[in-house]
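S.K.:
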Amino acid sequence: WLLCRAQSEVFVQDLDWCPCVPPAGVVKAEDYTLPGYVDRRDVPLPEVAFVRDLSAQQKALKEKEKASWSALSVDEKVELYRMKFNETYAEMNKGTNEWKTVLGGVLFFLGLTGVILIWQKHFMYGAVPHTFSEEWLSAQTKRMLDMRVNPVEGISAQWDFDKNEWKK
Numbered sequence: 001w002l003l004c005r006a007q008s009e010v011f012v013q014d015l016d017w018c019p020c021v022p023p024a025g026v027v028k029a030e031d032y033t034l035p036g037y038v039d040r041r042d043v044p045l046p047e048v049a050f051v052r053d054l055s056a057q058q059k060a061l062k063e064k065e066k067a068s069w070s071a072l073s074v075d076e077k078v079e080l081y082r083m084k085f086n087e088t089y090a091e092m093n094k095g096t097n098e099w100k101t102v103l104g105g106v107l108f109f110l111g112l113t114g115v116i117l118i119w120q121k122h123f124m125y126g127a128v129p130h131t132f133s134e135e136w137l138s139a140q141t142k143r144m145l146d147m148r149v150n151p152v153e154g155i156s157a158q159w160d161f162d163k164n165e166w167k168k
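At position 113 of the sequence shown (counting the first as 1) the number is 113 in UniProt numbering, and the numbers step up by one without a gap.
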């Protein structure tokens, strides 16, 4: 590539031998500024026909279409429809099996999450601290009541010290 680059600076006119320069040719790209065909239920008539380049047989059928439609057979009417549209409403409304893939993916990730949580509980977290036991919590509550912690709005305000029970 460097050889081609160096040669192109020296011999700008004569680059036919260089593999870096593509051969001259006309490449027709799709013009995306023009309207395109899309099958949509909310837009029943697309801007362009489905088949843009008609064959000789299709052109003859288009000429026959200009005459009386009663002269056309059912197959010809279907072929005319298929030249204009890709799918019928029934084909557009037909369900897909995509829901199975979505449901499978959701269930897979839920299962993976469950496995991760079980692994974390088993290997990462230790035993529950002793401060979560019922004995500890009752002793802590009794100590807070004995110290009369938060007597205005807190735990001591909810305790009846004369009857030794919670206020009703």
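All residues carry an ideal CB built from backbone N, CA and C; glycine is no exception.
All figures in this text were calculated on a predicted structure; none of them were measured in a lab.
Which two residues bound the contiguous alpha helix (DSSP H) that contains D162?
M.R.: Start at 1 with the first residue of the sequence shown, and residue 162 comes out as number 162. No alpha helix (DSSP H) holds D162; DSSP gives it neither H nor E.
S.K.: Count the other C-beta atoms from every protein chain shown that fall within 10 angstroms of the C-beta of residue 206, then say buried if there are 16 or more, exposed otherwise.
M.R.: In this structure the chain extends from 1 to 168, so residue 206 is not present and cannot be described.
S.K.: Using three-state DSSP, classify V115 as helix, strand or coil.
M.R.: Here residue 115 corresponds to residue number 115 of the sequence shown, with the count starting at 1. V115: helix per DSSP, three-state reduction.
S.K.: Taking only runs of the alpha helix (DSSP H) that begin and end inside the segment 14-75, which ones reach a length of at least 4 residues, in chain order?
M.R.: Qualifying alpha helix (DSSP H) stretches, in chain order: 56-65.
S.K.: Taking all protein chains shown into account, do 16 or more other C-beta atoms lie within 10 angstroms of the C-beta of F123, making it buried, or fewer, making it exposed?
M.R.: As a working note, residue 123 is residue 123 in the sequence shown. Classification of F123: exposed, given that the 10 Å Cβ count is below 16.
S.K.: So the alpha helix (DSSP H) Y89 belongs to, where does it begin and stop?
M.R.: Translated into positions along the sequence shown, residue 89 becomes position 89. Per DSSP, Y89 belongs to the alpha helix (DSSP H) from Y89 to N93.
S.K.: For E165 and N150, what's the separation of their Cα atoms in angstroms?
M.R.: Indexing the sequence shown from 1 puts residue 165 at position 165. Indexing the sequence shown from 1 puts residue 150 at position 150. Distance between the alpha carbons of E165 and N150 is about 17 angstroms.
S.K.: Given a cut-off of 8 angstroms on the beta-carbon distance, is the pair K84 and A49 in contact?
M.R.: As a working mapping, residue 84 is identified with position 84 in the sequence shown. As a working mapping, residue 49 is identified with position 49 in the sequence shown. A contact, by the Cβ cut-off of 8 angstroms.
S.K.: Can you tell me which of the three DSSP states residue 230 falls into?
M.R.: Only positions 1 to 168 of the chain appear in this structure, which leaves residue 230 out of reach.
S.K.: Return helix, strand or coil for Y125, following the three-state DSSP convention.
M.R.: Here residue 125 corresponds to residue number 125 of the sequence shown, with the count starting at 1. Coil.
S.K.: Beta-carbon separation of L72 and K66 under 8 angstroms?
M.R.: Sequence index remark: in the sequence shown, residue 72 carries index 72 (1-based). Sequence index remark: in the sequence shown, residue 66 carries index 66 (1-based). In this structure, K66 does not lie closer than 8 angstroms to L72 by Cβ.
S.K.: How about the segment 53-63 and the segment 86-102: do they share at least three Cβ pairs that are nearer than 8 angstroms?
M.R.: Verdict: no, contact absent.
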